[in-house]
Structure formats: structure tokens, C-alpha cells
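Residue numbers (the UniProt record's numbering): 1 to 261.
Encoded structure:
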């Protein structure tokens with residue numbers, strides 16, 4: 001019989017223990033942020049998208065999905081518009097590292113031995129790595145040496161052929177895709193009721209110098225908060241992205257996790 005849910009927190013504790021106690025069930029942890037995504041989308045895009053990818057993948061590989069991290073590291077001007085924009089609510093790096101370290105250690109204490117961190121917020125990346133490193137180090141001190149952690153960002157599975165289909169007029173790069181075609185298309189496919197395309201702002205991709213300045217110069221960020229135009233976004237493109245990224249993540253976990261078939 002198929003499990004009634006893939007979300008770990010929806011299980012009663014005896015059912016959870018039965019699933020994870022033997023170390024065979026992978027745990028997928030979505031990691032997002034509360035960050036502005038332009039005037040046409042809500043601020044929890046970076047939570048909704050990795051959570052949905054985790055849900056879809058969990059159903060394919062027999063995994064569970066942990067409650068997501070809903071706050072992330074500070075938005076950077078060249079990849080998220082900047083932490084100065086209203087609504088963006090961020091953690092210090094040390095806070096994110098410590099929280100992730102603690103959660104990984106707790107899942108290991110429960111018996112989990114295979115974890116995948118599904119990242120949906122570009123700026124989280126290096127703090128995720130540090131949290132993992134500290135967790136693995138402290139677990140080794142306690143004699144736990146068999147925890148394996150996979151880290152991925154869903155957009156990394158968009159191959160060149162898919163990029164060509166989605167961006168026939170040219171691709172400006174993932175760093176400028178904040179609030180642009182990729183995220184807007186996925187939201188149109190998954191949560192169209194949360195997208196107001198009539199409020200989307202069309203503008204040329206943001207242009208930044210080769211250096212950074214702190215405090216940031218707000219005038220460098222387009223007034224919309226998006227770094228490229230979402231005008232060419234569509235539900236159809238979102239469906240393509242869902243398929244490509246889900247298949248890519250499933251294949252990766254089948255390669256890395258011994259209990260996944």
C-alpha cells in the first residue's frame with residue numbers, strides 16, 4: 001500500500017519511526033527564503049518551488065519530505081535584487097548554518113542516513129555546505145560515520161537543450177533569472193492563482209559592474225526587484241521545467257542513495 005503522505009511532519013511518530021528508523025528512507029529537506037520576487041509573485045516562491053520538487057521526487061524514490069527552511073541567507077544584489085528591498089526577510093549566515101547543522105544531527109539521531117537538501121534560493125549555497133560540514137564532523141564525534149548528504153539546486157538540472165527551448169532569443173544566465181522566466185513559469189504551472197502577470201514588469205536584463213559595493217547602491221537594482229523580464233514566461237514552459245528537473249533529481253538520487261531503486 002502506498003504511503004498516505006510523503007511529508008514527514010504529517011505522520012504520527014510511530015509511523016515516522018517505522019519509516020526512518022532503519023536508515024533506508026531518504027529525507028528531502030527543501031531550503032528556501034522569504035524574498036521579494038517582483039510585483040507579480042509572492043515572497044515565498046523560493047519555498048514553494050523546492051518543496052514541490054521534493055514532493056514529486058519523494059513519490060518516485062520512496063523518500064520523506066521534511067518541513068522546509070522558510071528563511072534563507074541575505075539576498076544579494078546581483079542574484080536576488082538585494083537585501084534592502086521591502087519584504088525580503090533573511091538570516092545571518094551563522095544562524096542558517098547552525099539551524100541546518102542541528103536539523104541534520106536530529107534526523108541522524110532518528111536513524112536517517114540519506115539526506116538530500118533541495119535548494120531554492122541561490123544565496124543559501126555556501127552556508128548549506130558549512131552546515132553539512134559541521135554536522136558531519138559532530139556526528140563523527142558521536143560515532144555516526146554513515147550519514148550521506150546530497151546537495152542540489154533544482155535549476156542545475158536544466159540542460160542546454162532545454163535552455164534553448166525556453167529562451168529562443170538568448171539566455172542571460174541563472175544569476176539574472178530572479179523573478180524572470182524560470183521562476184514565473186514554474187509558478188504559472190504550479191500556483192497560477194498566486195501569479196499576477198498583468199503586474200509583471202518588462203525590462204532589459206539588469207546590468208551590473210564587475211565589482212560589488214557595500215552598503216549596496218539601490219539604484220543598481222531594477223525598480224521592480226526582478227533582474228530580467230518575466231514576459232516570456234508561460235505555464236507550458238513551467239511544465240517542461242517540472243519534468244526536466246524532477247527527472248534529473250530522481251536520477252541523481254538513484255545514483256547516490258543505495259536504497260533507492
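Virtual Cβ for every residue (Gly too), placed ideally from N, Cα, C.
In terms of Cα proximity to residue 230, the closest of 127, 202 and 210 is 202. In the DSSP assignment, residue 187 falls within the unbroken alpha helix (DSSP H) covering 181-190.
Residue 101 sits buried, since 16 or more C-beta atoms from the chains shown fall within 10 Å of its C-beta.
Contact between residue 224 and residue 39 holds: CB atoms are separated by about 6 Å, below the 8 Å threshold. Straight across, the Cα-Cα distance linking residue 105 with residue 154 is about 24 Å. Residue 239 and residue 186 have their alpha carbons spaced roughly 7 Å apart. Within the stretch 128-161, the complete beta strand (DSSP E) runs of at least 3 residues fall at 148-153. Contact between the stretch 103-117 and the stretch 76-84 is absent, with fewer than three C-beta pairs closer than 8 Å. Approximately 4 Å separates the beta-carbon atoms of residue 64 and residue 8; this is inside 8 Å, confirming the contact. In this structure, 5 is the residue among 188, 5, 219 and 150 with its C-alpha nearest to the C-alpha of residue 55. Residue 181 and residue 173 have their C-alpha atoms roughly 11 Å apart.
Around the beta carbon of residue 213, fewer than 16 other beta carbons lie within 10 angstroms, which makes this residue exposed. Residue pairing for residue 31: DSSP places it in a beta bridge opposite 69 and 119. With a beta-carbon spacing of about 4 Å, residue 50 and residue 118 fall inside the 8 Å limit used to define contacts. Of the residues 249, 29, 217 and 226, the one whose Cα lies closest to the Cα of residue 199 is 226.
Separation of residue 236 and residue 190 (C-alpha to C-alpha, rounded to the nearest whole angstrom) is 11 Å.
Under the three-state reduction of DSSP, residue 7 is assigned to strand. Taken in chain order, the complete alpha helix (DSSP H) segments of 4 residues or longer contained in the stretch 54-109 are 77-80.
Closest option to residue 211, judged by alpha-carbon separation, among 204, 205 and 220: 220. Apart from sequence neighbours up to five positions away, the residues of its chain that approach residue 195 with a beta-carbon distance below 7 Å are 40, 41, 184, 187 and 188, ordered along the chain. In chain order, 260 place their CB closer than 6 Å to the CB of residue 254, counting only its own chain and leaving out the 5 sequence neighbours on each side. Exposed is the label assigned to residue 22, since fewer than 16 other Cβ atoms lie within 10 Å of its Cβ.
Beta-bridge annotation (DSSP): residue 114 is paired with 148. Looking only at 137, 143, 150 and 98, the smallest Cα-Cα distance to residue 258 is reached by 150. Taking residue 83 as the centre and dropping the five residues before and after it, the same chain places the C-beta of 74, 75 and 90 closer than 7 Å to its C-beta, in chain order.
The DSSP-derived three-state label of residue 241 is helix.
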